[in-house]
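Read through the structure below, which is laid out as structure tokens, and then see the notes.
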Amino acid sequence: MGNERIIRTFILAVIGLAAFALWRPNSPDPTEDVRSRETRFFITKAHQDRRFDAVIYGDSRGLRGLSPAVIGDQVPGLRIYNFSWNAGGMNRDMYAEAEKLLDPASQSPALILVPTALSFMSFKRSNSQFNEYRHKPWDQVMLYRHLPRVADWFQPVSPSVYPRKVLDIRPYRELVQVFHPDGWIETDQTPLDDLAEMTVHEERLEGNSVDPELIRDFMAQTADWTARGIRVFACFLPAHPPRVTLEDSILGFDKDAFRADFARSGGIWLDLPQTGFESYDGSHLTASSARRVSALLGEALASEMR
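Read in order, the letters of the sequence shown are residues 2 to 307 in this note's numbering.
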């Protein structure tokens with residue numbers, strides 16, 4: 002009798018959990034509903050086993066600002082992947098990881114680098130988000146990569162979702178994200194806010210600077226790739242101009258000198274317009290602007306690859 006009771010309790014618990022997973026309400030906060038998809042996206046990126054002709058690498062501006070699919074429309078047949086990360090740093094460890102994603106048999110191997118002043122700060126050497134997902138426990142990696150529907154069903158839910166759903170209590174800023182398998186996060190926010198956290202951002206930057214060694218490594222890596230037949234492209238993505246000016250000024254990032262050094266190292270600079278686009282928070286492009294910039298980058302890439 003005791004064993005039967007335990008078995009019945011276990012079965013009822015499983016049924017209850019399944020019912021909860023299937024019929025729980027959507028959250029009024031869009032970020033809560035995509036947590037398992039976000040985890041799967043970054044786990045897949047950190048354990049990517051496909052190979053490509055061209056790999057994009059940058060920080061969150063590249064992650065949210067460049068769509069490989071839209072770029073590819075301008076360069077048919079070129080397999081492109083966006084290997085950018087939130088808080089991504091320009092350093093030798095990540096250059097090596099990006100290069101691993103290039104197909105050795107590709108006839109047109111290329112790296113597309115998306116530097117910012119922020120990506121050359123010393124603490125970015127930690128590659129924190131990449132390492133977090135590269136070193137997830139194996140059972141989590143297996144679950145999110147091979148059983149994503151199960152992971153989605155059982156993603157943690159705050160009990161407060163029920164009253165918030167009933168009362169339609171929404172966050173002031175609603176961030177909507179679509180995680181694309183080509184490595185792009187399509188992102189929009191309501192309302193848009195170019196000046197979001199500008200004062201806090203300035204306070205965080207004070208006393209910091211770009212690391213000259215990281216910039217030298219960037220140039221040395223460009224020269225090395227070029228010598229080995231890998232074409233290296235780079236560009237600055239647009240953001241809210243006052244924010245970019247603030248970052249470059251405080252951190253001491255000389256863009257003109259950087260572009261000149263890059264060209265001397267064998268790199269190919271892709272000029273993109275820096276104004277005329279929408280950002281949702283002053284730093285990252287809205288989905289529509291990201292598509293426009295991606296199309297422009299694709300056109301520039303196609304011109305250079307002829």
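All residues carry an ideal CB built from backbone N, CA and C; glycine is no exception.
Cutoff 6 angstroms; reference Arg38; Cβ partners in own chain excluding five residues on either side: Phe180
Assigned secondary structure, Asn132 (DSSP; H/G/I helix, E/B strand, else coil): helix
Whether Gln222 touches Tyr96 by CB criterion (7 angstroms): yes
Proximity to Lys46 [Cα-Cα], best of Ser127, Pro116, Asp183, His147: Asp183
Coil, strand or helix - Met91 by DSSP: coil
Alpha-carbon spacing of Leu298 relative to Leu273, whole angstroms: 7 angstroms
Limits of the beta strand (DSSP E) - the one that Leu64 falls within: Leu64 -> not in any beta strand (DSSP E); alpha helix (DSSP H) instead, spanning 61-66.
Minimum C-alpha distance to Asp255 - residue among Ala240, Val211, Arg244, Gly277: Val211
Cβ pair Gly63, Val142 closer than 7 angstroms: no
Terminal residues of the beta strand (DSSP E) in which Glu187 lies: 186-191
Beta bridge counterpart(s) of Gln178 as assigned by DSSP: Thr188
Residues bridged to Arg307 (per DSSP): Answer is none; Arg307 lacks a bridge partner.
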